[in-house]
Amino acid sequence: MAIRASKTDDIPRDQLTGALRRGAVKKHVAAIHVSGKLTLLQRKLSNVLLLNAYDTLTDQQTHLIDARTLCMMIGYNSNDMDTLKQSLRGLAETVAEWDMLDDKGQQEWGVSSLLSYAKLKGGVCEYAYSPALAEKLNDPKVFALINLNIQRRFTSGHALALYENCYRFVRTKSTGWWSLDLFRRLMGVDDSPYYQSYKHLNAKIIKPSVAEVNKTSNIVVTPEVRKRGREVVDIRFHIGENPQLAILDMDDGAGVRNAPVYGRLREMGLSDRLARQWIAEHGEDQVAAKLAYVTGQAGVENPVRYLKAALRDDYQAQVKAPTRPEVAARAAKLAKVRDLAAARTPTQRDADKRLFLSQLTETRQRDDFDRHGWMSAINFAAIVDFWEEMGA
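When we follow my numbering, the leftmost residue of the sequence shown carries the number 930, and every step to the right adds one.
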């Protein structure tokens, strides 16, 4: 699955992006299939909603997001509620299906609508997943969130659908064999007589989608077909990393969790997911060295935040002090922003902050915003741009 549109190019790097696998080869079955009949915007919408709900998928029955912010993140006109309603309706009518082995080796099949319901009221979008689907989406060994920076590059819904379904198997390096009937369903063309012909399917769907995935994403896919006589009956995709666009790819194996530095991160208070992500991104030696540095500092109130900054920032950049008139002008603009933010509803304020944080690429910026909110001097230019884009 996967999002957004804004002036910045990046979306927060600290989101789960790995296609994680189980411990035994026969359990590498990340097999949630979502119908391919979603438009490109609907696919992006589904990922915004999933990202917004991810941390509380199994703890909360319903989730909220500011509708205007939601439109902005996906690229809708923020006043185009009809398009948003149509897309939400499409998600509620779309089926997600899974067929996999559970932890005890028993086969489990299930089906659920992608959203159990959605409603718009007072400028807020409220929505929910079925409990069974929420459990699957919350399990990184079963379902992988798609990197949002990668997704936003796609211009074809079929290509994004292919990427989503292939990326879940990036660890096993192959999707395994799919019947052409299943593949047509995943691409959303199963009800088209035109695509019953493999010649047409290959020319209009497979080749263009493969080309866009290989050009746009962090993986390279290569199709292989299997024939019965002269008829093509099955297809699978071999998956490799794209060295031009490689991004964070985490290992969910026992090796990471058995590393001493993993235990120290967990003792510090990091979640399992974030601990593995930092180790994968920076390496065990680097994390261990920064841990030693942080623990050697006196008076650290938030060691997790300090460690995050130590890993990602060099603290060497010096910012030229502004003149007094510049300080006064900035203070006036930030005060205006503060008043605008205060006038928003609590839900809207929370959504505004999360959207703005998603546009900050440096830990130093994010930390300063966490401390000072909309009065963050470090983020002055970005804050002004953000609210201007909001139409303030």
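Backbone N, C-alpha and C define an ideal beta-carbon position, used for all residues, glycine too.
- Judged by their CB atoms, residue 1020 and residue 1085 are not nearer to each other than the 8 Å cut-off.
- CA-CA distance, residue 991 to residue 1063, rounds to 11 Å.
- Contact check for residue 1307 against residue 1297 passes: the beta carbons are separated by less than 8 Å.
- Burial is judged here by how many other beta carbons sit within 10 angstroms of a residue's own beta carbon; residue 988 has fewer than 16 and is exposed.
- Straight through space, the alpha carbons of residue 1099 and residue 1001 are spaced by roughly 31 Å.
- Assigned with DSSP and collapsed to three states, residue 1096 falls in helix.
- For residue 1058, the secondary structure class from DSSP, reduced to helix, strand or coil, is coil.
- Check the Cα spacing between residue 1041 and each of 1058, 1051 and 1126: the tightest is with 1058.
- Taking the Cα positions, residue 1096 is about 30 Å away from residue 1159.
- The alpha-carbon separation between residue 1295 and residue 1283 amounts to approximately 11 Å.
- A direct Cα-Cα distance of roughly 13 Å separates residue 1281 from residue 1313.
- In this chain, residue 995 is not harboured by any alpha helix (DSSP H); it is covered by the beta strand (DSSP E) spanning 992 to 995.
- Annotation: the continuous alpha helix (DSSP H) that includes residue 977 extends over 969 to 982.
- Runs of the alpha helix (DSSP H) spanning 4 or more residues and lying entirely within the region 1186 to 1232 occur at 1189 to 1197, 1201 to 1211 and 1213 to 1224, in chain order.
- When DSSP states are grouped into helix, strand and coil, residue 1013 belongs to the helix group.
- The distance from the Cβ of residue 1309 to that of residue 1263 is about 7 Å, consistent with a contact at the 8 Å cut-off.
- Bounds of the beta strand (DSSP E) holding residue 1152 are 1148 to 1157.
- Excluding the 5 residues flanking it on each side, residue 1171 has same chain C-beta neighbours closer than 8 Å at 1143, 1146, 1147, 1148 and 1149, in chain order.
- For residue 1273, there is no enclosing alpha helix (DSSP H), as DSSP gives it neither H nor E.
- The alpha-carbon separation between residue 1092 and residue 1230 amounts to approximately 42 Å.
- Distance from the CA of residue 1105 to the CA of residue 1213, rounded to the nearest whole angstrom, comes to 33 Å.
- Sequence-distant Cβ neighbours of residue 1195 in its own chain, meaning closer than 8 Å and more than five residues away, are 1201 and 1204.
- Around the beta carbon of residue 1015, a 10 Å sphere encloses fewer than 16 other beta carbons of the protein chains shown; the residue is thus reported as exposed.
- For residue 1120, DSSP records no beta bridge to any residue.
- Closest option to residue 1188, judged by alpha-carbon separation, among 1208, 1197 and 1199: 1208.
- Annotated three-state conformation of residue 1306 is coil, per DSSP.
- Excluding five sequence positions before and after residue 1277, the CB atoms of its chain that fall closer than 6 Å to its own CB belong to 995, given in chain order.
- Taking residue 997 as reference, the option from 1022, 1273 and 1161 with the minimal CA-CA separation is 1273.
- Annotation for residue 1155: 1106, 1162 and 1163 place their beta carbon closer than 7 Å to its own, counting only its chain and skipping 5 residues before and after.
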